[in-house]
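Engineer:
Chains as they are written, first to last, in the working numbering: chain A, 1 to 124; chain B, 1001 to 1135.
1. Do residue 1125 of chain B and residue 1058 of chain B have their beta-carbon atoms positioned less than 8 Å apart in this structure?
2. Residues of the region 89-113 of chain A in Cβ contact with chain B at a cutoff of 7 Å, in chain order, please.
3. Using three-state DSSP, classify residue 1035 of chain B as helix, strand or coil.
4. Residue 107 of chain A to residue 1118 of chain B, Cα distance in whole Å?
5. Mind listing which residues of the region 33-49 of chain A have their C-beta closer than 7 Å to chain B's C-betas, in chain order?
6. Could you tell me which chain A residues have their CB closer than 9 Å to the CB of residue 1033 of chain B, listed as they occur along the chain?
7. What span of residues does the alpha helix (DSSP H) with residue 1125 of chain B cover, start to end?
8. Here's the rule I'm using: 16 or more other beta-carbon atoms within 10 Å means buried, otherwise exposed. How should residue 83 of chain A be labelled?
9. Can you tell me the Cβ-Cβ gap for residue 1089 of chain B and residue 1114 of chain B, rounded? I've got them flagged as a contact below 8 Å.
10. Do residue 11 of chain A and residue 87 of chain A have their beta-carbon atoms positioned less than 8 Å apart in this structure?
11. Closer than 7 Å, Cβ to any Cβ of chain A: which residues of the region 1019-1053 of chain B, in chain order?
12. For the candidate residues B/1068, B/1037, B/1109, B/1042, whose alpha-carbon lies nearest to that of residue 1012 of chain B?
13. Rounding to the nearest angstrom, what Cα-Cα distance links residue 1030 of chain B and residue 59 of chain A in this structure?
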């Protein structure tokens, strides 16, 4: 077995070993979103691909309600860990659903060839 | 629609035109993130920060960031700026009834290697405009 396959199989094992800490999630990937200047809006060229993935929530950050106008839009954000092989390349137009909520993918905090850490913001 | 959306429609009509599309220059607006923008593209930012002659008018700057491959010399930036001049400098654009966007003379500022992607070289093309809407 190659080192790459060895790491992938151990990663699958790790996600199984953490049992219910690994949550089921559905990743929605919009393929090739373009901008239409005539319509003044974005147009997803292809279909929305949904991918069943396992995630581990590693940080929950519920911002306090604040009257500070620079902070009032922050809302709820999480940091989640996913297997890179399951998700492929992501864009800002992709989203993920878990625990009954939709989450926008704000940024990729870290991604090696095997694990991706994403910051997601709750949209619903 | 109000003056800001109308202005956007006028400016975007330039980049939606068949002539501009035929130039095959990748062009994106602000707040749009191309997944694979490539090594040569433009980003368009209308900034209606000035006053107009009435409440349906405005004025400001159309800023277009020009991105080309780093290390390829200055020629392509100048070619793209000249291309933009053909469509914008001194032109009046009117897609809506009784409204017109008049562009003045442009300027070009070299920014240098892009700070977010050092494989790209960036320049900023700026052209003032007046948008006249009927009250």
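Just so you know, even glycine gets a beta-carbon here, dropped at the ideal spot from N, CA and C.
Structural biologist: From the atom records:
1. Numbered from 1 along the second chain, position 58 holds the residue referred to as residue 1058 of chain B. Numbered from 1 along the second chain, position 125 holds the residue referred to as residue 1125 of chain B. No, Cβ-Cβ distance for residue 1058 of chain B and residue 1125 of chain B is not below 8 Å.
2. 91, 92
3. In the second chain, counting from the first residue as 1, residue 1035 of chain B sits at position 35. In this structure, residue 1035 of chain B counts as coil in the three-state DSSP scheme.
4. Numbered from 1 along the first chain, position 107 holds the residue referred to as residue 107 of chain A. Numbered from 1 along the second chain, position 118 holds the residue referred to as residue 1118 of chain B. Each residue's Cα considered, the two are about 20 Å apart.
5. 35, 37, 38, 40, 42
6. As a first step, residue 1033 of chain B is located in the second chain; it is residue number 33 there, counting from the start. Per Cβ cutoff of 9 Å: 33, 91, 92, 93.
7. By 1-based counting over the second chain, the position of residue 1125 of chain B is 125. Residue 1125 of chain B -> not in any alpha helix (DSSP H); beta strand (DSSP E) instead, spanning 1120-1133.
8. Counted from its first residue, the first chain places residue 83 of chain A at position 83. Under this definition residue 83 of chain A is a buried residue.
9. Walking along the second chain from the start, residue 1089 of chain B turns up at place 89. Walking along the second chain from the start, residue 1114 of chain B turns up at place 114. The pair is not a contact, with the Cβ atoms about 25 Å apart (cut-off 8 Å).
10. What you label residue 87 of chain A is simply residue 87 of the first chain in a count that begins at 1. What you label residue 11 of chain A is simply residue 11 of the first chain in a count that begins at 1. Taking 8 Å as the Cβ cut-off, residue 87 of chain A and residue 11 of chain A do not qualify as a contacting pair.
11. 1028, 1029, 1032, 1033, 1035
12. The residue you call residue 1012 of chain B lines up with position 12 of the second chain. Taking only the C-alpha atoms, the option nearest residue 1012 of chain B is B/1042.
13. Here residue 1030 of chain B refers to the residue found at position 30 when the second chain is read from its first residue. Here residue 59 of chain A refers to the residue found at position 59 when the first chain is read from its first residue. Using only the alpha carbons, I get a separation of about 31 Å.
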